[in-house]
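Q:
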Amino acid sequence: MIVALVGNHLGGHADERREEPGMSGLATPWRRACGGSVLLRFLDWNLRGAGQVLFQDNALSGLLFLVAIGWGAGALGVPEVALGGVLALVVATSAALWLRVDDAGLAAGLYGYNAFLLGIALPTFLAVSPLLWVFVVLGAAVSVIATLAVAEALKPLGIPAVTAPFVLVTLLLLLAAHAFSGVEAAAPTAVGFIEPIPPEAADPLRPLAFLEGLAHSLSQVFVKGYVPSAVLILVGLAVGSLRAAGFALAGALIALVVAHLMGAESQLVTAGLVGFNPLLTAVALGAVFGRPGVRTAVYAILAAVFTVLVQGAMVALITPFGVPTLTASFVLVTWLFLLARLDVSKRPGPAA
Amino acid sequence: MIVALVGNHLGGHADERREEPGMSGLATPWRRACGGSVLLRFLDWNLRGAGQVLFQDNALSGLLFLVAIGWGAGALGVPEVALGGVLALVVATSAALWLRVDDAGLAAGLYGYNAFLLGIALPTFLAVSPLLWVFVVLGAAVSVIATLAVAEALKPLGIPAVTAPFVLVTLLLLLAAHAFSGVEAAAPTAVGFIEPIPPEAADPLRPLAFLEGLAHSLSQVFVKGYVPSAVLILVGLAVGSLRAAGFALAGALIALVVAHLMGAESQLVTAGLVGFNPLLTAVALGAVFGRPGVRTAVYAILAAVFTVLVQGAMVALITPFGVPTLTASFVLVTWLFLLARLDVSKRPGPAA
Amino acid sequence: MIVALVGNHLGGHADERREEPGMSGLATPWRRACGGSVLLRFLDWNLRGAGQVLFQDNALSGLLFLVAIGWGAGALGVPEVALGGVLALVVATSAALWLRVDDAGLAAGLYGYNAFLLGIALPTFLAVSPLLWVFVVLGAAVSVIATLAVAEALKPLGIPAVTAPFVLVTLLLLLAAHAFSGVEAAAPTAVGFIEPIPPEAADPLRPLAFLEGLAHSLSQVFVKGYVPSAVLILVGLAVGSLRAAGFALAGALIALVVAHLMGAESQLVTAGLVGFNPLLTAVALGAVFGRPGVRTAVYAILAAVFTVLVQGAMVALITPFGVPTLTASFVLVTWLFLLARLDVSKRPGPAA
Chain A
47 MIVALVGNHL GGHADERREE PGMSGLATPW RRACGGSVLL RFLDWNLRGA
97 GQVLFQDNAL SGLLFLVAIG WGAGALGVPE VALGGVLALV VATSAALWLR
147 VDDAGLAAGL YGYNAFLLGI ALPTFLAVSP LLWVFVVLGA AVSVIATLAV
197 AEALKPLGIP AVTAPFVLVT LLLLLAAHAF SGVEAAAPTA VGFIEPIPPE
247 AADPLRPLAF LEGLAHSLSQ VFVKGYVPSA VLILVGLAVG SLRAAGFALA
297 GALIALVVAH LMGAESQLVT AGLVGFNPLL TAVALGAVFG RPGVRTAVYA
347 ILAAVFTVLV QGAMVALITP FGVPTLTASF VLVTWLFLLA RLDVSKRPGP
397 AA
Chain B
47 MIVALVGNHL GGHADERREE PGMSGLATPW RRACGGSVLL RFLDWNLRGA
97 GQVLFQDNAL SGLLFLVAIG WGAGALGVPE VALGGVLALV VATSAALWLR
147 VDDAGLAAGL YGYNAFLLGI ALPTFLAVSP LLWVFVVLGA AVSVIATLAV
197 AEALKPLGIP AVTAPFVLVT LLLLLAAHAF SGVEAAAPTA VGFIEPIPPE
247 AADPLRPLAF LEGLAHSLSQ VFVKGYVPSA VLILVGLAVG SLRAAGFALA
297 GALIALVVAH LMGAESQLVT AGLVGFNPLL TAVALGAVFG RPGVRTAVYA
347 ILAAVFTVLV QGAMVALITP FGVPTLTASF VLVTWLFLLA RLDVSKRPGP
397 AA
Chain C
47 MIVALVGNHL GGHADERREE PGMSGLATPW RRACGGSVLL RFLDWNLRGA
97 GQVLFQDNAL SGLLFLVAIG WGAGALGVPE VALGGVLALV VATSAALWLR
147 VDDAGLAAGL YGYNAFLLGI ALPTFLAVSP LLWVFVVLGA AVSVIATLAV
197 AEALKPLGIP AVTAPFVLVT LLLLLAAHAF SGVEAAAPTA VGFIEPIPPE
247 AADPLRPLAF LEGLAHSLSQ VFVKGYVPSA VLILVGLAVG SLRAAGFALA
297 GALIALVVAH LMGAESQLVT AGLVGFNPLL TAVALGAVFG RPGVRTAVYA
347 ILAAVFTVLV QGAMVALITP FGVPTLTASF VLVTWLFLLA RLDVSKRPGP
397 AA
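Chains as they are written, first to last, in the numbering used here: chain A, 47 to 398; chain B, 47 to 398; chain C, 47 to 398.
#1: Any idea what DSSP makes of Ala96 of chain C, helix, strand or coil?
#2: Any heavy atom of the ligand NAD closer than 7 Å to the Cβ of Ala161 of chain C?
#3: With contact counted as at least three CB pairs below 8 Å, one residue from each stretch, are the segment 349-360 of chain A and the segment 151-168 of chain C in contact?
#4: Check the C-beta distance from Gly95 of chain C over to Gly108 of chain C and give it rounded, since I have them as a contact under 8 Å.
#5: Taking Tyr157 of chain C as part of the alpha helix (DSSP H), name the residues at either end of that continuous run.
#6: Would you say Phe268 of chain C reaches chain B, if we count a Cβ-Cβ gap shorter than 8 Å as a contact?
#7: Flag this pair as yes or no: are the beta carbons of Ala291 of chain C and Ala284 of chain C separated by less than 8 Å?
#8: What three-state label does DSSP hand Leu221 of chain C in the structure shown?
#9: Within 10 angstroms of its Cβ, does Ala333 of chain C collect 16 or more other Cβ (buried), or is it exposed?
#10: Tell me the DSSP bridge mates of Ala231 of chain C?
#11: Assuming Gly185 of chain C and Leu156 of chain C make a contact with CB atoms under 8 Å, what is their CB distance in whole Å?
#12: Taking only beta-carbon positions, decide if Phe367 of chain A is within less than 8 Å of chain C.
#13: Using a Cβ-Cβ cut-off of less than 9 Å, give me the residues of the segment 98-132 of chain A that come near chain B, in sequence order.
#14: Express the C-alpha separation of Thr216 of chain C and Val196 of chain C in angstroms, rounding to a whole number.
#15: Which residues, in order along the segment 201-228 of chain A, keep a beta-carbon less than 7 Å from a beta-carbon of chain B?
#16: Beta-carbon separation of Ala141 of chain A and Ala210 of chain A under 8 Å?
#17: Spell out whether any CB of chain A is found under 8 Å from the CB atom of Phe383 of chain C.
#18: Counting only runs that start and end within the segment 320-350 of chain A, where is the alpha helix (DSSP H) found for 4 or more residues in a row?
#19: When the distance is taken between beta carbons, is Ser227 of chain C closer than 8 Å to Gly309 of chain A?
#20: Would Thr402 of chain B and Leu326 of chain B qualify as a contact pair, given that the criterion is a beta-carbon distance under 8 Å?
#21: Nearest CA to the CA of Asp103 of chain B: which residue from B:Gly120, B:Arg77, B:Ala119, B:Pro125?
#22: Please decide whether Leu348 of chain A counts as near chain C, where near means a Cβ-Cβ distance under 8 Å.
#23: Measuring only the C-alpha atoms, how far is Val213 of chain C from Arg341 of chain A?
#24: Kindly indicate which residue of C:Val84, C:Gly116, C:Asn92 has the alpha-carbon position closest to the one of Leu278 of chain C.
#25: The segment 307-335 of chain C: which residues have C-beta closer than 7 Å to a C-beta of chain B, in chain order?
#26: Closest to Val356 of chain A by CA distance: which of C:Ala167, C:Phe256, C:Phe181, C:Ser175 is it?
#27: Expressed to the nearest angstrom, what Euclidean distance is found between the alpha-carbon atoms of Phe171 of chain A and Arg252 of chain A?
#28: What in chain B is Cβ-close to Gly297 of chain C, meaning under 9 Å?
#29: Note down the Cα distance separating Leu363 of chain A from Gly282 of chain A, rounded to an integer number of angstroms.
#30: Taking all protein chains shown into account, decide if Ser287 of chain B is buried (16 or more other Cβ within 10 angstroms of its Cβ) or exposed.
#31: Where does Gly259 of chain B sit, in a helix, a strand or coil, going by DSSP?
#32: Is the shortest distance between the beta-carbon of Ala362 of chain B and the beta-carbons of chain A less than 8 Å?
#33: Buried or exposed: where does Ser463 of chain A fall if 16 or more other Cβ atoms within 10 Å of its Cβ makes it buried?
#34: If you draw a straight line from the alpha carbon of Val137 of chain B to that of Arg146 of chain A, how long is it in whole angstroms?
#35: In the segment 264-289 of chain B, which residue ranges form an unbroken alpha helix (DSSP H) of at least 4 residues, counting only runs that do not cross its ends?
#36: Could you check if Arg337 of chain C is buried or exposed, using at least 16 other CB atoms within 10 Å of its CB as the buried criterion?
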């Protein structure tokens, strides 16, 4: 069934145009192999879906992210988290085929990354049960519809959906879990999926705690804190775009410094829970949607600093309902700054 | 005054185009009578306003819905609910005339259904007092403005307002009631306007409880649970569109089964409080805004299932503020699925 | 630096077109002086920014508002409030220059009023600390970005941003304050920045309490209650537009009467906390965005009455999060009524 549907998408023109910086040695044979095999092509879309969580439209980045999550989930004793991610990814790509989405978006993994994050987040915040897997499958399918809907709603404004579909569908399902006895919240210790950090280790003045906060900010993008995973994620990011990797580190660094100066709780900072949203904002505004230059960098840094504050605001706004904030602050700040810049970029500078 | 305003709308062209399936025997003389009398015409608009709650643009469906509500309100000892609905309907149609809305929308009852629901909901959730009636009149007038505003805001997106103006204005007024000593909440037993269901009667495995849940899902669309009303509503729906009646039953059935399997509270399910939103979603996506076919049916069923979950989410999100969720989950899911489908329908299928 | 940037905007065409009713005697020499001096020009933009809080695009109104706030803040022993307003205004105008916003908007003060309100509100609701000033500076800069973003998002709908950027950024920062130990809420007695009103003085039937409520509704637009400030604000408003001053008084009057009749808490009404949002709605719909006439006046009055209710709703919705409602009810109602009217005004009346 899936194979038949995939066949319909084998025109293969949209793909040719995309370049994969820094990996052309590997990319060409992989692309040729995908052209010849329906299953490999389906695999390629799913891997790119994993890669798009950090805006990387290439299979190798996606593969490294997947390995990072699998390794982290195994090491922390929560294999259901990695399983949920893979299941949701496959369901979403299949649903996108059934819904006849556009070829280019499908081949770039744009219908996968929201489901992938949802598939990781649900088993992180809900206890394992048969109904959890129903939630993952249903949520993954709906995430494709939400991706189409949000993209359509934002079309008049000319801004991208980023991870809004993930935040919307996941929060709805987590809120819904309160109403049904068939699903239950995961044990509090598992929430946020952090290795417990003793207070003395979270001292912001200890270099090790600082480095740990930096690493966890990276791995918390995928809803968990595990240092080896962070290294793999950084490599996966650098494989796709060195500039993205640089802004990711800069965003996390800014978040750590700003949060400590403002008096955030050290344990949250060291666990990476304060850093992953500013990191995403910095990558999006500095490396993905902005032209290289000093003005773009200043703008991205301002946005990352503001994301630290908005993250605090989201905690005050969303956690009273018994659900996490996910990447809501990243979405809000990125939308604000992208919307504003449209106007600015239309206008030539004073010298021009 | 109203008569004079109505006169301005007696061009009578817009009306001719609409067909009224299954009731052409009655429709033609009624239309002729309306053409000759300003007051009958005003009555026709109001009846269609009642009919549009379930998307029916004909006076007979509206009349049957009105009788259903009057009967139910009388039987349950809350005549103020029926009175509020009629009062709001008349105020809204008059306000629409003063605001000089478009003829076609006015004649189709599109400026009435949100006010009608508001006029039923306010006396259900607020105690009777002089200020309650001020709220009903003011809310009905503002609901017309909200209908125009929401329609205008959604125009770039190409999706309909459905019952969003009702949800918006009613929730604002119910929230406002907390701030003024002149209005008070209705007694808790009256909230939701349900006949008390003893726990043993709500057992999902008893066929009678199941049938009751099905019926109440229909009558709760009009904010109450009363079986004879449900039958009248179903007849009113079938008179306008057999397909709509079919999807209504299917939506309610799906909601009951899904909610029970997920472990929802049996009493809520049997009282129809879990079913009326999925019912509305199924009718909207399956019978009103979708072309007939298997794909549309699958899509509508997926949406109805998701509405059961979103309804649970809305309870967790909205009830902490001391107000009901009304049809918020239907609005959200219908918008998401309609927005997404725009994209899909634009693209020809693989075979085309 | 600022001087150099200002120089780039010295084309001076956009300014010529605007008329300043009722002050042409003073306006011409002032305009000439601004044309010759970069610093005066920068001052002019800032003063107009203060004036735009009440939609007045002239420097004299802005100056009178500034004096009103300075006087009130001094008299009530909270100079930080006036200081915050001025600081935010200057930062925002500088940020707007760096962001290369459009000349006309900059010269009309449209990038200043949201920051000005934010600069007054933050020191009202947060205790003085080094971090408070960081919040003011950062918030002022971000308010310019939010102003651009909201304007861009509303462009397809054809409605203005009004004070939405102020509400958005200020609420985010006040919510964020909960997450950081470096900022703390101001003492409860200072919140709302009201002179304590003894219950007997707040009796709505005492003419003095009624007049006080009227005056405080004016001064609460700038987040405080002080009668001499109210007089200055009214003068500043009348200097710019007698019609705006009339609708301001009418809006406040309506709010007082409606709130008392509905049973609002007398102390809140007398303190002006119920009146400033309806006042803003009345000015916006009656004097700024509507053509003069009876229909516009009726529409503005209906909107002002509804704003009293929506203000009550916002208190129930927003205060549980430990933050004030600011001008959220004014923004919501004004948007609804402007969106709706677009449709109405497009359609010629029945006689035309």
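The C-beta atom is built at its ideal place from N, Cα and C for all residues, glycine as well.
A: This is what the structure gives:
#1: Helix, per DSSP.
#2: Of ligands this structure carries none, so the ligand NAD is not represented either.
#3: Put simply, the segment 349-360 of chain A does not touch the segment 151-168 of chain C. Fewer than three CB pairs are less than 8 Å apart.
#4: 7 Å between Cβ atoms; contact.
#5: Counting along the chain, Tyr157 of chain C falls outside any alpha helix (DSSP H), and DSSP gives it neither H nor E.
#6: Not one chain B Cβ lies under 8 Å of Phe268 of chain C.
#7: In this structure, Ala291 of chain C lies near Ala284 of chain C, with their beta-carbon atoms less than 8 Å apart.
#8: In the structure shown, Leu221 of chain C sits in a helix (DSSP, three-state: H, G or I).
#9: Label assigned to Ala333 of chain C: buried.
#10: Under the DSSP definition of a beta bridge, Ala231 of chain C partners with C:Leu172.
#11: Your pair Gly185 of chain C and Leu156 of chain C does not check out as a contact, with CB atoms roughly 17 Å apart and the cut at 8 Å.
#12: No, Phe367 of chain A does not count as interfacial toward chain C.
#13: Look at the segment 98-132 of chain A: it has no residue with a C-beta under 9 Å from a C-beta of chain B.
#14: Spanning the two alpha carbons is a distance of roughly 14 Å.
#15: For chain B, the residues of the segment 201-228 of chain A that bring a beta carbon within less than 7 Å of one of its beta carbons are Pro202, Leu218, Leu219, Leu221, Ala222, His224, Ala225, Phe226, Ser227, Gly228, in chain order.
#16: Going by C-beta atoms, Ala141 of chain A is not nearer than 8 Å to Ala210 of chain A.
#17: Answer no: the Cβ-Cβ gap between Phe383 of chain C and chain A never drops below 8 Å.
#18: Counting whole runs of 4 or more residues, the segment 320-350 of chain A contains the alpha helix (DSSP H) stretches 322-329.
#19: Closer than 8 Å, so yes.
#20: The question about residue 402 of chain B has no answer, for chain B in this structure spans 47 to 398.
#21: It is B:Arg77.
#22: Residue contact check for Leu348 of chain A against chain C: a CB pair falls below 8 Å.
#23: Each residue's CA atom was taken as its position, placing Val213 of chain C and Arg341 of chain A some 27 Å apart.
#24: The shortest C-alpha separation from Leu278 of chain C is found at C:Gly116.
#25: Within the segment 307-335 of chain C, the qualifying residues are Met308, Gly309, Ala310.
#26: Among C:Ala167, C:Phe256, C:Phe181, C:Ser175, the Cα nearest to that of Val356 of chain A is on C:Phe181.
#27: It is roughly 30 Å from the alpha-carbon of Phe171 of chain A to the alpha-carbon of Arg252 of chain A.
#28: Going along chain B, no residue has its Cβ under 9 Å from Gly297 of chain C, so there is no contact; the nearest lies around 16 Å.
#29: Between the C-alpha atoms of Leu363 of chain A and Gly282 of chain A there is a straight-line separation of about 33 Å.
#30: Looking at its Cβ environment, which holds 16 or more other Cβ atoms inside 10 Å, Ser287 of chain B is buried.
#31: Here Gly259 of chain B sits in helix by DSSP.
#32: Closer than 8 Å: yes.
#33: Given a span of 47 to 398 for chain A in the structure shown, any question on residue 463 of chain A remains unanswerable.
#34: Take the alpha-carbon of Val137 of chain B and the one of Arg146 of chain A: they are about 46 Å apart.
#35: Counting only runs of 4 or more residues that sit fully inside the segment 264-289 of chain B, the alpha helix (DSSP H) segments are 273-286, in chain order.
#36: Exposed.
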